[in-house]
Amino acid sequence: MIYSLGIDIIQTDRVKKALETWGGKFADKILGEEEMEIFSAKFNKVQFLAGRFAAKEAVIKCLGAFFDERVSFRQIQILNDLYGKPYVHLDDPIRERILDKEVKISITHERQMAAAVAIITGD
Numbered sequence: 030m031i032y033s034l035g036i037d038i039i040q041t042d043r044v045k046k047a048l049e050t051w052g053g054k055f056a057d058k059i060l061g062e063e064e065m066e067i068f069s070a071k072f073n074k075v076q077f078l079a080g081r082f083a084a085k086e087a088v089i090k091c092l093g094a095f096f097d098e099r100v101s102f103r104q105i106q107i108l109n110d111l112y113g114k115p116y117v118h119l120d121d122p123i124r125e126r127i128l129d130k131e132v133k134i135s136i137t138h139e140r141q142m143a144a145a146v147a148i149i150t151g152d
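Numbering (the working numbering) for the sequence shown: 30 to 152.
Structure, rendered in structure tokens:
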């Protein structure tokens with residue numbers, strides 16, 4: 030059963046300008062510890078960060094069905110499995126609120142855009 034759906038799209042130029050203006054502070058605000066390690070090693074930091082930003086916005090929109098207060102970017106990490114497929118890791122307080130439900134994510138990049146769709150599913 031699908032409980033909630035979220036979608037987001039962002040222009041990569043916006044992310045590029047934010048990185049130029051605020052540097053690492055912008056990435057620190059968006060990314061968790063594991064994501065920062067990946068970000069530091071990436072060649073195309075703008076594409077990576079734009080995809081993570083869109084993915085987290087999509088997840089936050091999904092979580093709105095379960096939370097009255099806003100969930101922060103750093104409470105959500107978008108990581109990759111051994112095959113490169115993205116998955117959502119939530120901090121424990123968030124995970125506890127959605128109980129046995131699963132958050133699934135899909136991210137895409139196209140030229141100057143990054144987009145993501147998130148769904149929350151369960152029995």
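Ideal placement from N, C-alpha and C gives every residue a C-beta, glycine not left out. Note that the structure is a prediction, hence the values are computed from the model and not measured.
Q. Should residue 64 go down as buried or exposed, given a rule of 16 or more other Cβ atoms within 10 Å for buried?
A. What you label residue 64 is simply residue 35 of the sequence shown in a count that begins at 1. Counting Cβ neighbours within 10 Å, residue 64 comes out buried, since at least 16 surround it.
(Q) What does the alpha-carbon distance come out to for the pair residue 57 and residue 45? (A) As a working mapping, residue 57 is identified with position 28 in the sequence shown. As a working mapping, residue 45 is identified with position 16 in the sequence shown. So the alpha carbons of these two residues sit roughly 15 Å apart.
Q | Range of the contiguous alpha helix (DSSP H) that encloses residue 94 | A | As a first step, residue 94 must be located in the sequence shown, where it is residue number 65. It is not in any alpha helix (DSSP H) - residue 94 carries neither H nor E in the DSSP assignment.
Q: Compare the Cα-Cα distances from residue 84 to each of 101, 149, 38 and report the closest residue.
A: Locating residue 84 in the sequence shown gives position 55, where the first residue counts as 1. Cα-wise, what sits closest to residue 84 is 38.
Q: Kindly indicate which three-state DSSP category residue 151 falls into: helix, strand or coil?
A: For the purposes of this step, residue 151 is identified with residue 122 of the sequence shown, where counting begins at 1. If DSSP states are grouped into helix, strand and coil, residue 151 belongs with coil.
Q: Measure the Cβ-Cβ separation of residue 132 and residue 78 and say whether it is below 9 Å.
A: Your numbering for residue 132 matches position 103 in the sequence shown. Your numbering for residue 78 matches position 49 in the sequence shown. No, they are not a contact pair.
Q.
Alpha carbons only, please: which of 36, 68, 32 is nearest the one belonging to residue 146?
A. On the sequence shown, position 117 is the one that residue 146 refers to. Of the candidates 36, 68, 32, the one whose C-alpha sits nearest the C-alpha of residue 146 is 36.
(Q) If you measure between the beta carbons of residue 151 and residue 120, is that distance less than 9 Å? (A) Start at 1 with the first residue of the sequence shown, and residue 151 comes out as number 122. Start at 1 with the first residue of the sequence shown, and residue 120 comes out as number 91. No, the Cβ-Cβ distance between residue 151 and residue 120 is not below 9 Å.
Q.
Given a cut-off of 9 Å on the beta-carbon distance, is the pair residue 134 and residue 87 in contact?
A. Working through the sequence shown from its first residue, we reach residue 134 at position 105. Working through the sequence shown from its first residue, we reach residue 87 at position 58. Yes, the Cβ-Cβ distance between residue 134 and residue 87 is below 9 Å.
Q) Assuming residue 27 and residue 96 make a contact with CB atoms under 8 Å, what is their CB distance in whole Å? A) Lying before the first or after the last residue shown, residue 27 is absent from the chain, which here runs from 30 to 152.
(Q) Quick check: the Cα distance between residue 117 and residue 105, rounded to an integer number of angstroms? (A) The residue you call residue 117 lines up with position 88 of the sequence shown. The residue you call residue 105 lines up with position 76 of the sequence shown. Each residue's Cα considered, the two are about 7 Å apart.
Q | Per DSSP, cross-strand counterpart(s) of residue 65 | A | Looking up residue 65 in the sequence shown gives position 36. Residue 65 pairs with nothing; no bridge assigned.
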